[in-house]
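Trainee:
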Amino acid sequence: EAQAGGSLAVAGGARSDSHTVEVMMRDGRRRDDYATTERQLEFTGFALMEMSPTESSSAHEVDVFSLDQDDKARARYFRAIETLVLRATGCSYARAFNFVVRRSSIVGVHTRATNDNAARGPVNDVHCDFTPDAPTIAQISGLAKRLGLGHCRFAIINAWRSTDPNNPVAHWPMAVCDSNSVEGRDLVPRVSPENGNKIYNLLHSPAHRWFTFPSMTSKEVLLFKQYDTSPHSTRFTPHTAFNSPLTPPNPPTRTSCEVRVVCFFAEDGDPNNQSAMQTSFRFLHQRGAGVVAEKFRGGDASRNSRL
Numbered sequence: 028e029a030q031a032g033g034s035l036a037v038a039g040g041a042r043s044d045s046h047t048v049e050v051m052m053r054d055g056r057r058r059d060d061y062a063t064t065e066r067q068l069e070f071t072g073f074a075l076m077e078m079s080p081t082e083s084s085s086a087h088e089v090d091v092f093s094l095d096q097d098d099k100a101r102a103r104y105f106r107a108i109e110t111l112v113l114r115a116t117g118c119s120y121a122r123a124f125n126f127v128v129r130r131s132s133i134v135g136v137h138t139r140a141t142n143d144n145a146a147r148g149p150v151n152d153v154h155c156d157f158t159p160d161a162p163t164i165a166q167i168s169g170l171a172k173r174l175g176l177g178h179c180r181f182a183i184i185n186a187w188r189s190t191d192p193n194n195p196v197a198h199w200p201m202a203v204c205d206s207n208s209v210e211g212r213d214l215v216p217r218v219s220p221e222n223g224n225k226i227y228n229l230l231h232s233p234a235h236r237w238f239t240f241p242s243m244t245s246k247e248v249l250l251f252k253q254y255d256t257s258p259h260s261t262r263f264t265p266h267t268a269f270n271s272p273l274t275p276p277n278p279p280t281r282t283s284c285e286v287r288v289v290c291f292f293a294e295d296g297d298p299n300n301q302s303a304m305q306t307s308f309r310f311l312h313q314r315g316a317g318v319v320a321e322k323f324r325g326g327d328a329s330r331n332s333r334l
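Here this note's numbering is used: the first residue of the sequence shown is 28, the next is one more, and so on.
#1: Indicate whether the contact test is met: 3 or more Cβ pairs, each with one atom in the segment 38 to 57 and one in the segment 139 to 156, closer than 8 angstroms.
#2: Considering only the alpha carbon of each residue, which of Gly55, Asp54, Val128 and Arg122 lies closest to aspartate 90?
#3: How is arginine 281 classed by DSSP in three states: helix, strand or coil?
#4: In the segment 103 to 181, which residue ranges form an unbroken alpha helix (DSSP H) of at least 4 residues, counting only runs that do not cross its ends?
#5: How would you write the range of the alpha helix (DSSP H) that proline 258 sits in, first residue to last?
#6: Mind checking whether valine 203 and phenylalanine 269 have CB atoms under 8 angstroms apart?
#7: For glutamine 96, name the three-state secondary structure that DSSP assigns.
#8: Count Cβ pairs between the segment 203 to 215 and the segment 251 to 267 that sit closer than 8 angstroms; are there 3 or more?
#9: So tyrosine 104 and alanine 86 are supposed to be a Cβ contact under 8 angstroms. How far apart are they, rounded?
#10: Counting C-beta neighbours from all protein chains within 10 Å, is the total for alanine 182 16 or more, i.e. buried, or is it exposed?
#11: Does the beta-carbon of glycine 55 have 16 or more other beta-carbons within 10 angstroms, so that it is buried, or is it exposed?
#12: Quick check on asparagine 252: does DSSP put it in helix, strand or coil?
#13: Roughly how many angstroms separate the alpha carbons of glycine 325 and phenylalanine 310, rounded to a whole number?
#14: Roughly how far, in whole angstroms, is the beta-carbon of glutamate 82 from the beta-carbon of threonine 116, given that I think they are within contact range, below 8 angstroms?
#15: To the nearest angstrom, how far is it from the Cα of alanine 197 to the Cα of valine 215?
#16: Assign aspartate 255 to buried or exposed, taking buried as 16 or more other Cβ atoms, counted over all protein chains shown, within 10 Å of its Cβ.
#17: Rounded C-beta distance between aspartate 156 and glutamine 313? I'm assuming under 8 angstroms.
#18: From what residue to what residue does the alpha helix (DSSP H) around glutamate 69 run?
#19: What's the C-alpha gap between leucine 113 and methionine 304?
#20: So, are the CB atoms of valine 50 and histidine 235 less than 8 angstroms apart?
#21: Hey, could you find the ends of the alpha helix (DSSP H) alanine 86 is sitting in?
#22: Kindly indicate which three-state DSSP category threonine 274 falls into: helix, strand or coil?
#23: Using three-state DSSP, classify serine 245 as helix, strand or coil.
#24: Do the segment 187 to 201 and the segment 217 to 236 touch if we need at least three Cβ pairs shorter than 8 angstroms?
#25: Drop a sphere of 10 angstroms on the beta-carbon of glutamate 285, count the other beta-carbons inside from all chains shown, and report buried for 16 or more, exposed for fewer.
#26: Taking 8 angstroms as the threshold (C-beta atoms), are phenylalanine 308 and valine 318 in contact?
#27: Does the distance from the CB of tryptophan 136 to the CB of serine 34 come in under 8 angstroms?
#28: Work out the CA separation of serine 132 and valine 72 for me, nearest whole Å.
#29: Please work out which residues of its chain come closer than 6 angstroms, Cβ to Cβ, to serine 271, disregarding the five sequence neighbours upstream and downstream, and give them in chain order.
#30: If you draw a straight line from the alpha carbon of arginine 53 to that of arginine 139, how long is it in whole angstroms?
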């Protein structure tokens, strides 16, 4: 793969080889294509979720800009997001494994080196987080085998949330592209120069269907799929922050946190390994590692530790 261009010192965090394109932006709040969040994720690659009162309370009590230093805060925030993703996808097991915090006031830095969790600016560059041979995919596949889930389908969901409890998003809002409108030839594999991650950039096509969710609040979470081992589901959802013509003068700074969550689906695994998978899920529940669907938990559990 070719190396992607470096970050430009401009608002929005474009790469040096990005090209500006004007597109029709649809209001995702008016979509009526699929009745459930689970089906929206499966067939278009994205969905908007409202947090439950418990999830919202937990998330709002955490200063996301302290997640790198505060293990308890990170565990609390991850648990809220894992619970929401489990509810949205209908998966058997959800486990958060990575986070990114952003401020729209930060210019020129939208991607950092691996394990550098300092805040960064928005990404005004259409991309998908992983290609099938990205290092993260190999790492998760290896973890799945060690956990006894090697024959289980998994997907990676990005959970994006504004962290400003007082102002809806008005500056550099998020946009997602309907995966059904993207052809394989539109996706260009690249390597991020900042961290060596293998990503996709997107070649523009008038067939692409773009959506945004205006005025997102801190009680809402935008979910978009970044990988799926199933060839029968959407796998890569292009996304970006964008310069909206509706942005008012002097908008409040956008602060956000995105968490990547791996979801395992027992029903789509090898039927000959169902017993072993259930044993693994019970073990993970007892260790408090991620969130396991209720039907796979079994017995009492301690939720005070994480793998």
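Even glycine gets a Cβ: it sits at the ideal position worked out from N, Cα and C.
Mentor: Judging by the given coordinates:
#1: yes
#2: Val128
#3: coil
#4: 162 to 173
#5: That residue, proline 258, is in no alpha helix (DSSP H); it is neither H nor E in DSSP.
#6: no
#7: coil
#8: yes
#9: 6 angstroms
#10: buried
#11: buried
#12: The sequence given here has lysine at residue 252, not asparagine. Three-state result, lysine 252: strand.
#13: 9 angstroms
#14: Not a contact, Cβ separation roughly 14 angstroms.
#15: 30 angstroms
#16: buried
#17: About 31 angstroms; that fails the 8 angstroms criterion.
#18: 64 to 70
#19: 17 angstroms
#20: yes
#21: 80 to 87
#22: coil
#23: coil
#24: no
#25: buried
#26: no
#27: The sequence as given places valine at residue 136; tryptophan does not occur at that position. Yes, Cβ-Cβ distance for valine 136 and serine 34 is below 8 angstroms.
#28: Here the sequence assigns glycine to residue 72, which means valine is not the residue at that position. Each residue's Cα considered, the two are about 29 angstroms apart.
#29: Pro200
#30: 31 angstroms
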